[in-house]
Amino acid sequence: MPELPEVETIRRDLADLVVGKMISHLVVADRRALEGFGPDGSRRRRVDPVAFEGRLKGRRVSGVGRRGKYLLLHLDDGASLLVHLRMTGRLVWGPPDLRARVQILFDDESNVLSFCDTRRFGEVWIAEDWREDPSIKALGPEPLEPLDADEWSRGLRRSSAKIQAALLDQKRMAGLGNIYVTEALWRAGIRPARRARTLRESDTNILLGHIRDVLQEGILHRGVSFRDYRDAQGNKGRAGERLAVYGKAGKPCPRCRATLQGAKVNGRGTVFCPRCQK
DNA sequence: AATTGTACCTGTCAGC
DNA sequence: TGCTGACAGGTACAAT
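Offset between the first sequence (1-based) and my numbering: plus 5.
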């Protein structure tokens, strides 16, 4: 569900809502939401909720960050609470929510931070140093920060994967998901099933520009609430109203009026225009 | 090594 | 109306 623009919207909301507040306690309704790492530092394991709460109690939130689709709640002792919302996760500031997998209560007692997640794919865990977390370390560059475009382009054009799959690979670039990849490929005039290695450098340069545009516009309009996504106050985003092709198979292409075609690329649904995407 | 398939869950919707 | 199957914004791990 939430891709970079959705997670970034939540990050900005939470920066205003919880920074400076002290965590008083946790309500863990679903212990499977809590994940951690074993002594070897690599394998994920479940965590004792009491120990988890003990680690957070009394800590103040010093800042809220984001890396790719990972949300980072930085604590005043240098550790961070990491959250990944996966497909259906929400992080909402408001009255206690009975469906929450985890609720974080703060010292001001006005509201609670509820982690709700119908499909239960999401995860919350603690990293003593978020930069050393294995999930974070595996990520490629941030698309909206300065990056070596030549290196990125060369890496992409060396890949034998389909371009849709290559862009969804978080090692290549962090934060893209199915919606924004589908939109960026349409803007760039590139078919999702085309092999990345058939692209020219001019193609990948244009593509990078469109990736940045769709992400910026997504943030500007507070994310796509196609189904489950809500911001940190529980409100829908408006970016879905502006999508050109995602979810619009069978409708006319906004550019050339040919009928948009739905397809599966490596198991993920996508949409493209058979006339103006090559 | 890199790419693709499968598993993890629950809810919704189209078709019968 | 109710059943069944396909599908949903993601990622870790297994298989190739």
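A virtual CB, placed ideally from N, CA and C, is assigned to each residue, including glycine.
Use the C-beta contact count for residue i: other C-beta atoms within 10 angstroms, 16 or more gives buried, fewer gives exposed.
i	result
R205	exposed
T264	exposed
T203	exposed
R196	buried
G94	buried
A56	exposed
P143	Checking the sequence shown, residue 143 turns out to be Ala, not Pro. Its Cβ having fewer than 16 others within 10 Å, A143 is exposed.
G223	buried
D138	buried
G46	Legend: pLDDT at G46 = 46, less than 50; position of this residue unreliable, no value from coordinates given.
Is residue i helix, strand or coil when you go by DSSP?
i	result
S164	coil
S119	strand
L77	strand
L152	coil
I195	coil
S230	coil
P139	helix
A263	coil
L87	strand
R202	helix
R243	strand
A34	coil
A237	coil
L103	coil
Could you check which residue in the options has the C-alpha nearest to that of residue i?
i	options	result
D82	E133, A34 and A193	E133
H79	E246, I131 and D153	I131
A198	N210, A166, D174 and G223	A166
R71	Q266, E156 and P7	P7
A105	V33, G272, V276 and R227	V33
L190	R177, G255 and D218	D218
R124	E147, W98, H89 and S115	H89
Can we count residue i as close to the ligand COA, meaning its CB is less than 7 Å from some heavy atom?
i	result
G228	In terms of ligand content, the structure shown is empty, and the ligand COA therefore cannot be addressed.
If I follow the unbroken beta strand (DSSP E) through residue i, where does it start and stop?
i	result
A268	Q266 to V270
G252	Looking at the DSSP string, G252 is not in any beta strand (DSSP E), and its letter there is neither H nor E.
R60	Looking at the DSSP string, R60 is not in any beta strand (DSSP E); the run it does join, the alpha helix (DSSP H), is P54 to L61.
F126	Per DSSP, F126 belongs to no beta strand (DSSP E) and is neither H nor E.
G94	G94 to G99
Between which two residues does the alpha helix (DSSP H) holding residue i run?
i	result
L9	L9 to L22
Q108	Element bounds for Q108: not the alpha helix (DSSP H) but the beta strand (DSSP E), V107 to F111.
L225	E206 to L225
Next on the checklist: Contact between the segment 17-33 and the segment 58-78 is defined here as three or more beta-carbon pairs at a separation below 8 Å; is this criterion met?
Outcome noted: yes
Item to check | contact_flag[the segment 8-20, the segment 228-243] where n(CB pairs < 8 Å) is 3 or more | outcome: yes
Checklist entry - Does the segment 135-153 touch the segment 112-119, meaning 3 or more C-beta pairs lie closer than 8 Å? => result no
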